[in-house]
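In the working numbering, the protein residues as written are 5 to 81. Idealized CB from N, CA, C, for every residue including glycine. What follows is one structure encoded as structure tokens, with my remarks underneath.
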Ligand SMILES: [Zn+2]
């Protein structure tokens with residue numbers, strides 16, 4: 005009856021280590037990137053990986069870029 009106990013312990017330890025590794029990778033991978041945009045839209049993981057620290061969804065980023073450009077032209081006028 006001892007072997008199954010040992011096996012359970014080893015498995016438990018392995019699970020613990022795996023959870024810790026996931027936690028660590030999550031911490032490093034998405035420390036600054038927002039999971040969801042302020043508009044409520046989810047930011048795809050691919051976008052978060054491509055742009056570390058990204059805070060906005062594609063739509064908002066596009067709108068922001070457009071707004072900046074518009075404001076810039078207004079300032080010029
Ligand atoms: Zn958004």
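- When secondary structure is reduced to three states using DSSP, residue 49 falls in the helix class.
- Look at residue 40 here: in three-state DSSP terms it is strand.
- At least one heavy atom of ligand 1 is found less than 7 angstroms from the C-beta of residue 45.
- Check the Cα spacing between residue 43 and each of 54, 60, 56 and 66: the tightest is with 60.
- The Cβ neighbour count for residue 58, taken over all protein chains shown within 10 Å, is at least 16; the residue is labelled buried.
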